[in-house]
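Novice:
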Amino acid sequence: MMFPSKGTKFFILIILSTLILVDCQRNNRGQSRRINRFKKATESSSTSTPSTNSSTSPKTLNVTSEKSGEIESIESDLTSTNASLITSSNGNGNGSESKGWNAKLGFCREIVSQYGNDIRSVLLVGNFAFPTSREAIDAHCALGDRVYKALRKFSTSCLTSLPRQLFSIFLRGLRKLIKNVCHASKEKERAIEILKCTTDASLPGWNVCLNVANRQFESTAINSTDAQLFGDLCCMYNQLENCVRANLQKRPECASKPFEVSKFFQQMIDATLKDVMDIACTKYATEGECIKNNADGLIRLKGAADANFEVNDIFLIGPLLKIFPRLAND
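According to mature numbering (1 follows the signal peptide of the UniProt record, and there is no 0), the stretch in the sequence shown is residues -24 to -1, 1 to 306, in order.
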């Protein structure tokens, strides 16, 4: 019996929409507080006791102008956020809605071109070495922050309706991943210690795991039917977890260290994909359940894993953007 009935899909969409609305409401409240602080600061500046000199200094004008500009920017962000929620709720769309993103915009193509490969580096794919110095970690964190901000602009400007909502969950996970490593010196030093204790074979193993997952994502997005989609995605995620556990190992000299290398990398995957995947994967949480409930899907995934084809799209994100619009299909 296949998983994604119409009723189940509708239930999953309700859960996702609830998560997104709560997230947006939290952001709106935070932005509103910032607006009030800026307005109070501006009002305080304008009502302070004037000096004996009747002319206003250029510095004061600049500060007031900057604050007013930031208030307008924040209010614009709030309006944009609310408008996107209304658009999503109405479900009114055009050709770009079904595609998931507006590839015609030059801005969208520019982001895809500029940051398409950078997401690989953020996920430590294709790197010749793990970042094991403070300088290397700082550079890695700076790259992650730039990529996150660019993808957030991509989401706001280029995605529509459900794809934008689901992508916001992915971005929240990516932000969590970056913060787990880059939030403070303590997190950075911990990451360096773990990466230094990772075996030489782990980096190529990590690359194999993520590149296979990318091919499986792409193959599933293109070839799996709507009835097969959830089962194939969930079992693919399960295989990715197993691959990481098998390939990411600790050096013998670090055996007494109180951490697991594979768990560190597993958390990287969980941060970016778990929130999106787990909602629909209760029937496929283990390899045994995939064998029982989706044996044909495992054959399709193995074919994609063994195939030596190149995915000509943004790493992991491109296949996700192909999949998201299909989740709204009746």
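Every residue gets a Cβ at the ideal spot worked out from N, C-alpha and C, and that includes glycine.
With 16 other CB atoms within 10 Å as the buried threshold, where does residue 310 fall?
Specialist: No answer is possible for residue 310: it lies beyond the span of the chain, which begins at -24 and ends at 306.
Novice: Less than 9 Å between the C-beta atoms of A280 and V220, yes or no?
Specialist: On the sequence shown, position 304 is the one that residue 280 refers to. On the sequence shown, position 244 is the one that residue 220 refers to. No, they are not a contact pair.
Novice: Can you tell me where the alpha helix (DSSP H) holding S200 begins and where it ends?
Specialist: Position 224 of the sequence shown holds residue 200. No alpha helix (DSSP H) contains S200, which DSSP labels as neither H nor E.
Novice: Can you tell me whether P180 is buried or exposed? The criterion is at least 16 other CB atoms within 10 Å of its CB, across all chains shown.
Specialist: Mapped onto the sequence shown, residue 180 falls at position 204. Only exposed fits P180, as fewer than 16 other CB atoms lie within 10 angstroms of its CB.
Novice: Starting from G82, follow the alpha helix (DSSP H) in both directions and report where the run begins and ends.
Specialist: Working through the sequence shown from its first residue, we reach residue 82 at position 106. Per DSSP, G82 belongs to the alpha helix (DSSP H) from G82 to Y91.
Novice: Using the beta-carbon count (16 or more within 10 Å), is K239 buried or exposed?
Specialist: Here the question's residue 239 lines up with position 263 in the sequence shown. With fewer than 16 other Cβ atoms within 10 Å, it is exposed.
Novice: In terms of alpha-carbon separation, which member of S97, V88, L205 and D272 lies closest to A112?
Specialist: The sequence position of residue 112 within the sequence shown is 136, counting from 1. Nearest of S97, V88, L205 and D272 to A112, Cα basis: S97.
Novice: Measure the CB-CB distance between D289 and G120 and report whether it falls below 9 Å.
Specialist: Against the sequence shown, residue 289 aligns to sequence position 313. Against the sequence shown, residue 120 aligns to sequence position 144. In this structure, D289 lies away from G120, with their beta-carbon atoms at least 9 Å apart.
Novice: To which residues of the same chain is E194 closer than 6 Å at the C-beta, ignoring the five residues directly before and after it?
Specialist: Numbered from its first residue, the sequence shown carries residue 194 at position 218. Within the same chain, and ignoring the five residues on either side of E194 in sequence, the residues whose Cβ sits closer than 6 Å to its Cβ are V287 and P295.
Novice: Can you find a CB in chain C that lies within less than 9 Å of the CB of F104?
Specialist: Looking at the structure shown, chain C is missing, and only one protein chain is on hand.
Novice: Using the three-state DSSP reduction, which class does K233 fall into: helix, strand or coil?
Specialist: Position 257 of the sequence shown, counted from the start, is the residue given in the question as residue 233. DSSP places K233 outside both helix and strand once states are collapsed to three, so it counts as coil.
Novice: When you compare only the Cα positions, how much space is there between R85 and I299?
Specialist: As a working note, residue 85 is residue 109 in the sequence shown. As a working note, residue 299 is residue 323 in the sequence shown. When rounded, the distance between both Cα atoms is 19 Å.
Novice: Going straight from the alpha carbon of N183 to that of E163, what length do you get?
Specialist: Taking the first residue of the sequence shown as 1, we reach residue 183 at position 207. Taking the first residue of the sequence shown as 1, we reach residue 163 at position 187. Looking at the two C-alpha atoms, the distance is approximately 23 Å.
Novice: Just reading off the alpha helix (DSSP H) that Y124 is part of, what are its end residues?
Specialist: The residue labelled residue 124 in the question sits at position 148 within the sequence shown. Run containing Y124: R110 to C134, per the alpha helix (DSSP H) assignment.
Novice: When DSSP labels each residue in this structure, what does T174 get in the three-state scheme?
Specialist: Residue numbering aside, residue 174 sits at position 198 when the sequence shown is read from its first letter. Correct three-state label for T174: strand.
Novice: Closest to A222 by CA distance: which of M212, V237 and L274 is it?
Specialist: Within the sequence shown, the letter at position 246 stands for residue 222. Out of M212, V237 and L274, V237 has the C-alpha closest to the C-alpha of A222.
Novice: Less than 8 Å between the CB of C84 and some heavy atom of the ligand FMN, yes or no?
Specialist: Within the structure as shown, the ligand FMN is missing, as the structure has no ligands at all.
Novice: Are residue 308 and C257 touching if we call contact CB-CB under 9 Å?
Specialist: Coverage of the chain is limited to positions -24 through 306, which leaves residue 308 absent and any answer about it impossible.
Novice: State the Cα-Cα distance for the pair G264 and M212, rounded to the nearest angstrom.
Specialist: As a position in the sequence shown, residue 264 is number 288, starting the count at 1. As a position in the sequence shown, residue 212 is number 236, starting the count at 1. Answer to the nearest angstrom: the Cα atoms are 13 Å apart.
Novice: Tell me the rounded alpha-carbon separation between L100 and F106.
Specialist: Sequence index remark: in the sequence shown, residue 100 carries index 124 (1-based). Sequence index remark: in the sequence shown, residue 106 carries index 130 (1-based). Rounded to whole angstroms, L100 to F106 spans 7 Å at the Cα level.
Novice: Check for me: the alpha helix (DSSP H) holding L274 runs from which residue to which?
Specialist: Along the sequence shown, one-based indexing puts residue 274 at 298. A271 to D282 is the span of the alpha helix (DSSP H), which, as asked, contains L274.
Novice: Can you give me the start and stop residues for the alpha helix (DSSP H) that L249 sits inside?
Specialist: Position 273 of the sequence shown holds residue 249. No alpha helix (DSSP H) holds L249; DSSP gives it neither H nor E.
Novice: Within its chain, find whatever has a CB closer than 6 Å to the CB of T262; leave out the 5 residues flanking it on each side and keep chain order.
Specialist: Walking along the sequence shown from the start, residue 262 turns up at place 286. There are no such residues.
Novice: With a cut-off of 8 Å, do at least 3 Cβ pairs link the stretch 199 to 208 to the stretch 136 to 154?
Specialist: no
Novice: Is it buried or exposed for Q192, if we count other Cβ within 10 angstroms and need 16 for buried?
Specialist: Counting from one through the sequence shown, the residue named residue 192 turns up at place 216. Buried, since its Cβ has 16 or more Cβ neighbours within 10 Å.
Novice: Are C134 and I168 close, meaning C-beta to C-beta below 9 Å?
Specialist: Walking along the sequence shown from the start, residue 134 turns up at place 158. Walking along the sequence shown from the start, residue 168 turns up at place 192. Taking 9 Å as the Cβ cut-off, C134 and I168 do not qualify as a contacting pair.
Novice: Got a sec? Which residues, its chain only, sit under 8 Å from T174 by beta carbon, not counting five neighbours each side?
Specialist: Along the sequence shown, one-based indexing puts residue 174 at 198. Hits under 8 Å: F106, L224, Q225, K226, R227 and V237.
Novice: Would you list the one or two residues that DSSP bridges to K226?
Specialist: For this step, residue 226 is matched to residue 250 along the sequence shown. T174, per the DSSP bridge assignment.
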